[in-house]
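Chains as they are written, first to last, in this note's numbering: chain S, 177 to 521; chain V, 36 to 675. Here a beta-carbon is modelled for each residue, glycine too, at the ideal position from N, C-alpha and C. From a predicted model like this one, the values you see are computed outputs, not experimental measurements. Right, one structure below, let's go through it.
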């Protein structure tokens with residue numbers, strides 16, 4: 177098992193490395209985006225890029241490097257012609273920067289000349305708070321509803337819960353978000369129409385958490401309810417539960433000691449994976465509710481063609497999903513010894 | 036062991052034998068099967084039909100599918116993304132005849148500015164307005180085209196230090212266009228002042244004085260005092276001619292009246308309702324009428340001309356000028372947008388069009404005689420009346436001002452009724468939504484089929500063989516799925532261009548991961564089962580184990596996940612377009628939703644209807660998928 181864990185971790189790292197390398201090269205193949213700002217700001221940006229090895233600084237015009245990015249005559253009269261270095265050279269520089277300086281690139285638009293890592297650091301807490309609140313509230317509620325529906329299987333309560341879950345799981349999230357914002361913020365005027373600013377009063381800040389947390393937890397509550405109900409229903413019909421009942425356990429004991437524990441086997445790993453997902457942000461929600469999180473940052477960066485920020489943001493998402501995958505796979509093995517991931521035929 | 040050797044001659048051949056029952060006296064008691072033998076597909080179908088909600092889902096999908104193919108084909112409305120019909124943009128839903136009050140293409144407006152001169156809501160067409168209810172006069176401090184009266188507030192935000200002399204700068208001044216004053220003409224300046232308070236909370240009303248400003252012969256500025264500092268806010272009259280007589284001047288060619296307000300230790304203001312210069316001479320009076328004002332709201336709106344010159348009654352001041360207490364009226368009414376667009380409206384039509392109508396025998400018109408010669412002969416004639424002719428340089432008629440019924444002008448037999456209204460491009464929403472649905476469904480189905488084909492093979496191999504094969508294949512899958520689908524899609528759209536085909540390719544590139552993962556899990560689940568072991572013991576090949584034993588068992592789950600991929604594709608496309616990153620300028624569901632996103636508050640039908648369709652589609656596919664899974668894999672019935 178230890179061997180398998182180590183193998184999985186190393187493989188996850190290698191996978192992450194390959195994904196990031198691939199995306200880096202793909203993104204560098206897209207047209208270069210020039211930074212905003214006046215000539216001095218641009219000059220300092222290009223100089224930092226020269227320093228990082230992504231851009232060449234030549235005293236006269238040259239051919240063979242594609243289009244000239246920028247021309248600048250500094251105070252001493254030196255002429256700077258900036259060109260992009262070849263993509264593979266940029267790739268090597270990029271690797272060197274990460275491993276030696278932990279330097280992931282500089283923003284060109286969102287916060288010009290600021291390191292992308294710092295921007296992510298600014299944006300991460302907001303996304304995290306919302307996610308933590310939503311997980312903390314949706315996991316018990318979802319599982320509780322699922323257990324409730326399974327115990328009352330084929331009664332009115334079960335039908336109502338199942339139908340609602342089916343409806344809400346089917347409605348696309350952007351439709352749900354749009355209508356929740358429209359009804360509660362615009363029509364009824366109960367909640368803020370967008371994420372509270374720093375200067376807003378505490379009450380507004382508190383209220384502006386309601387829509388995002390509610391909308392985010394909606395999907396996972398429905399998911400957990402459905403999943404728990406299905407698993408518990410299956411376990412309830414198993415022979416060992418019948419045996420437990422025949423040997424004299426009360427229904428309560430049988431469910432708590434046997435049914436629930438077995439039903440939780442596939443659910444617990446997905447909860448663990450969900451906790452890793454706390455670091456991510458919902459792109460649709462954060463864009464539509466103007467939340468300064470990393471999901472919204474992604475869309476912002478993509479629209480502004482701020483590829484460096486986009487790349488770091490994407491790297492974060494990739495890492496999160498990979499780690500979540502590893503944890504999901506490993507926890508299956510830990511929780512249920514019958515499942516042996518990676519076993520041969 | 037051979038019983039017969041055909042080469043030998045036994046005296047009888049193998050064909051001369053006949054199989055017979057030995058115990059003819061015993062009756063066979065086996066009853067015949069009461070039920071007919073059934074196939075797997077028939078059985079699955081029977082089980083599927085038992086599940087009512089799944090059947091409902093399937094029916095809804097079928098209806099939507101049929102509607103998306105048939106409706107755009109029979110619909111007379113053009114919804115191609117390249118065409119726009121701005122005249123009929125954003126019409127409300129209409130099903131019933133106008134005036135029925137429900138779903139009749141009317142919209143209720145509340146608190147709309149009322150145009151008091153044309154006696155209809157501002158910027159609305161009068162004949163389409165019904166049930167109008169004009170409210171009382173309300174006051175606003177913003178100059179408006181539709182406002183009346185009010186005051187001009189001269190507002191001084193300069194604050195003197197405590198104890199500073201009042202006369203240091205004497206506040207500010209205001210002047211008009213120059214005018215001529217003579218000592219014999221009985222020239223009088225009238226100033227209407229007001230005492231309304233409460234507008235400038237931190238400011239207080241201040242003293243004012245009025246002076247006549249003129250240029251001396253040596254072009255130095257001189258003043259004639261008309262009234263000294265005063266705080267009398269009633270209507271004032273200043274006799275300019277007598278002031279001239281007092282000063283011993285007979286005539287001033289270019290004079291201005293200055294109103295100066297005093298600076299104080301707080302901010303100050305003065306309210307002027309009207310300012311007029313009048314004289315005894317009637318023709319001169321007409322000239323003077325332009326340089327004053329009786330309507331402060333109107334005066335505040337007079338601006339500099341485009342050529343840089345000033346309007347005659349333009350007011351220039353070096354203090355802040357606001358309007359104060361402008362009278363506005365607001366009204367509530369019901370507006371029939373269809374009547375407004377397609378009814379008889381003012382319209383300019385060309386000479387050739389009129390000739391066309393004449394040729395068709397719809398009307399009579401003589402260009403030499405003019406508007407009075409217009410006679411409408413047929414109800415088909417779009418033109419209802421002609422108001423005026425316009426001539427070009429060669430003095431021939433080139434266009435006519437008319438009242439024209441717009442739908443007839445478009446060549447329609449009757450005014451169109453859009454069931455759910457039109458969008459910002461003037462396209463019928465129902466046709467557009469269903470046509471978009473068709474495109475999206477087609478793309479989604481193609482992408483799903485391709486993805487399934489790739490995913491099934493990939494997942495089967497990875498899941499069945501396991502070990503190193505699995506690990507290597509999983510790494511590849513992980514790499515592909517590790518790139519977020521939004522990035523993948525945006526990159527493909529950026530690199531290959533903005534089209535439906537590109538989008539389908541982008542979908543295929545990431546979507547095969549889903550079926551592959553499901554198939555792999557199913558293989559892991561079943562490959563250790565006893566029946567597989569038994570089959571393998573009997574010498575079954577890998578091929579047979581995969582396709583005859585394991586795949587049919589896992590098919591239910593795989594099919595369920597694949598069925599959900601179709602709305603999933605529509606959903607991804609819709610989401611990415613909704614965020615503004617996806618396709619543009621094609622009729623697809625996401626584009627439709629993202630285009631209508633802006634009208635959520637003003638025209639909710641535009642977004643509610645597509646949202647309902649996409650939600651309905653997702654729910655139906657979910658129900659359908661569940662029923663399908665239960666039907667294909669009865670052992671899982673009732674789960675999940």
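For a contact defined as C-beta to C-beta under 8 Å, what are the partners of residue i on chain S?
i, result
"residue 606/V", "348"
"residue 657/V", "342, 345, 346"
"residue 610/V", "348, 349, 350, 460"
"residue 380/V", "Those do not exist, as residue 380/V stays about 33 Å from chain S at its closest Cβ, beyond 8 Å."
"residue 24/V", "Because residue 24/V is not part of the residues shown, which for chain V are 36 to 675, the question remains open."
Is the CB of residue i under 8 Å away from at least one CB in chain V?
i, result
"residue 180/S", "no"
"residue 138/S", "Summary: the structure shown does not reach residue 138/S, with chain S confined to residues 177 through 521, and so no result is reported for it."
"residue 369/S", "no"
"residue 191/S", "yes"
"residue 335/S", "no"
"residue 201/S", "no"
"residue 354/S", "yes"
"residue 521/S", "Residue confidence is low: residue 521/S scores 48 on pLDDT, short of 50, so the model does not pin down where it sits. Its coordinate-derived value is still stated next. Cβ-Cβ to chain V under 8 Å: yes for residue 521/S."
Verify whether the separation of the beta carbon atoms of residue i and residue j is less than 8 Å.
i, j, result
"residue 185/V", "residue 319/V", "no"
"residue 486/S", "residue 477/S", "yes"
"residue 245/V", "residue 293/V", "yes"
"residue 411/S", "residue 435/S", "yes"
"residue 257/V", "residue 251/V", "yes"
Which stretch, first to last residue, makes up the alpha helix (DSSP H) that contains residue i?
i, result
"residue 183/S", "178-205"
"residue 391/V", "386-394"
"residue 571/V", "565-572"
"residue 312/S", "292-327"
Would you give the residue range spanned by the beta strand (DSSP E) that residue i belongs to?
i, result
"residue 557/V", "No beta strand (DSSP E) contains residue 557/V, which is instead part of the alpha helix (DSSP H) from 548-561."
"residue 370/V", "361-371"
"residue 286/V", "286-296"
"residue 271/V", "271-274"
Residues of chain V with CB closer than 7 Å to the CB of residue i, please, in chain order.
i, result
"residue 401/S", "Under the 7 Å cutoff, chain V gives no residues; its nearest Cβ is about 11 Å from residue 401/S."
"residue 195/S", "514, 517, 518"
"residue 362/S", "636"
Does any residue of chain S bring its CB to less than 8 Å from the CB of residue i?
i, result
"residue 649/V", "yes"
"residue 525/V", "yes"
"residue 246/V", "no"
"residue 544/V", "no"
"residue 396/V", "no"
"residue 529/V", "yes"
"residue 101/V", "no"
"residue 506/V", "yes"
"residue 167/V", "no"
"residue 482/V", "no"
Strictly below 9 Å CB to CB, what residues from chain V border residue i?
i, result
"residue 475/S", "521, 614, 615, 616"
Buried or exposed: which applies to residue i, given that a residue is buried once 16 or more other Cβ atoms fall within 10 Å of its Cβ?
i, result
"residue 433/S", "exposed"
"residue 426/V", "exposed"
"residue 266/S", "buried"
"residue 466/S", "exposed"
"residue 111/V", "exposed"
"residue 203/V", "Any reading at residue 203/V must be qualified, since the residue scores a pLDDT of 42, below 50, and its modelled position is unreliable; the value itself is stated next. So residue 203/V ends up on the exposed side."
"residue 371/S", "buried"
"residue 450/S", "buried"
"residue 458/V", "buried"
"residue 514/V", "buried"
"residue 473/V", "buried"
"residue 555/V", "buried"
Residue i touches chain S at which residues, Cβ-Cβ below 9 Å?
i, result
"residue 586/V", "The contacting residues do not exist; residue 586/V stays about 15 Å from chain S at best."
"residue 510/V", "187, 190, 191, 194"
Just to make sure I have the definition right: I need the residues of chain S whose C-beta is within less than 7 Å of the C-beta of residue i. Which are they?
i, result
"residue 490/V", "Going along chain S, no residue has its Cβ under 7 Å from residue 490/V, so there is no contact; the nearest lies around 17 Å."
"residue 183/V", "None at all; the shortest Cβ gap to chain S is about 33 Å."
Quick one: list the residues of chain V neighbouring residue i, beta-carbon separation under 8 Å, in chain order.
i, result
"residue 479/S", "615, 616"
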